[in-house]
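S.K.: In this note's numbering, the protein residues as written are 3 to 152. Mind looking over this structure? Questions follow.
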Amino acid sequence: MKKKFLLIPVIFIFIGGFFLYKNSSEQKSIKYLEKGNKFLKSKKYIEAILEYQKAIPLKPSKKISAELHYNIATSCLALAQYSSAITEYKKVVSEYKESPFAEDAQFITAMIFDERLGNKKRAKQEFKFYLDSFPKAKYSFEAKRKLLEK
């Protein structure tokens, strides 16, 4: 009987420690995100990417992770690293579809193929995917217009 009573506090300590660790990890991720955002705002894109990448191994919440990947993509786009930007934007769309960043990430991906890479065929596929994935898309008029171009 005494062993059961001793086991209960140990379980609570373990669970409490896990939540403290997770909370601490989340707070560190947020600090890296905020520092990266300052670099992004001041157009120091490489520094921004490095800060964002420090947060990813900490396994932050989906909300923070989506923003990290979106901001890495945006920084890569500003550096004309289109392949990396597409990879990160696609990660936002596939892994964090419910995120407020997902719709913009898909639209920007299509625009990169269209305007930066000149790959009209792939751009049309991406615009179609955008319209199919986001029925109430805020850029639906522009996406439909792009689909009608030759």
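For every residue, glycine included, the Cβ atom is placed at its ideal position computed from N, Cα and C.
1) Using the three-state DSSP reduction, which class does residue 43 fall into: helix, strand or coil?
2) Is residue 27 closer than 8 Å to residue 61 when the C-beta atoms are compared?
3) Is residue 138 helix, strand or coil by DSSP?
4) Any heavy atom of the ligand ADP closer than 7 Å to the beta-carbon of residue 116?
5) Whole angstroms is fine: what's the gap from residue 116's alpha carbon to residue 51's?
6) Helix, strand or coil for residue 34 per DSSP?
7) Label residue 150 either buried or exposed according to how many other C-beta atoms from any shown protein chain fall within 10 Å of its C-beta, with 16 as the threshold for buried.
8) Tell me whether residue 126 sits in a helix, a strand or coil according to DSSP, three-state version.
M.R.: The short version:
1) On the sequence shown, position 41 is the one that residue 43 refers to. Helix, per DSSP.
2) What you label residue 61 is simply residue 59 of the sequence shown in a count that begins at 1. What you label residue 27 is simply residue 25 of the sequence shown in a count that begins at 1. Going by C-beta atoms, residue 61 is nearer than 8 Å to residue 27.
3) Counting from one through the sequence shown, the residue named residue 138 turns up at place 136. Three-state result, residue 138: coil.
4) For the structure depicted, the ligand ADP is absent and the ligand set is empty, with no information on it obtainable.
5) Within the sequence shown, residue 116 is the residue found at index 114, counting from 1. Within the sequence shown, residue 51 is the residue found at index 49, counting from 1. C-alpha of residue 116 to C-alpha of residue 51: approximately 25 Å in a straight line.
6) To locate residue 34, count along the sequence shown from 1; it is residue 32. Reduced to three states, the DSSP call for residue 34 is helix.
7) The residue labelled residue 150 in the question sits at position 148 within the sequence shown. It counts as exposed.
8) What you label residue 126 is simply residue 124 of the sequence shown in a count that begins at 1. Helix at residue 126.
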